[in-house]
Amino acid sequence: MKDYNNIKTFDELIELEHGKIGTENQNKYEEGAQMFIVSEMLKTGRISCVGFPRATNIAPH
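Given below as structure tokens:
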């Protein structure tokens with residue numbers, strides 16, 4: 260069982276959960292976190308474009 264009582268920073272929590280920087284477990288965690296960030300950025304970009312007409316579909320005034 261992991262002891263969370265002495266955790267004071269987010270970095271300490273990540274190290275306790277996933278190991279020290281450079282370990283295989285930590286590297287897998289970092290890779291997954293980066294993939295999540297990119298997927299959320301792509302999703303946000305897609306959502307922000309929904310509902311806006313393309314410039315070619317806009318009728319002149």
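So the sequence shown is numbered by the working numbering: it starts at 260 and just counts up by one. Positions of the beta carbon are idealized from the N, C-alpha and C atoms, including for glycine.
Please report the distance separating the alpha-carbon of T303 from that of N264. As a position in the sequence shown, residue 303 is number 44, starting the count at 1. As a position in the sequence shown, residue 264 is number 5, starting the count at 1. Roughly 36 Å separates the two Cα atoms.
Rounded C-alpha distance that separates Q285 from I266: Taking the first residue of the sequence shown as 1, we reach residue 285 at position 26. Taking the first residue of the sequence shown as 1, we reach residue 266 at position 7. Taking the straight line joining both Cα atoms gives about 17 Å.
In this structure, how does DSSP classify K261 when only helix, strand and coil are distinguished? Counting from 1 along the sequence shown, the entry for residue 261 is found at position 2. Residue state for K261 is assigned as coil, using DSSP reduced to three classes.
With H, G and I counted as helix, E and B as strand and the rest as coil, what does DSSP make of I296? As a first step, residue 296 must be located in the sequence shown, where it is residue number 37. Helix at I296.
Is the beta carbon of K261 less than 8 Å from the beta carbon of L275? One-based indexing of the sequence shown puts residue 261 at position 2. One-based indexing of the sequence shown puts residue 275 at position 16. Contact: yes.
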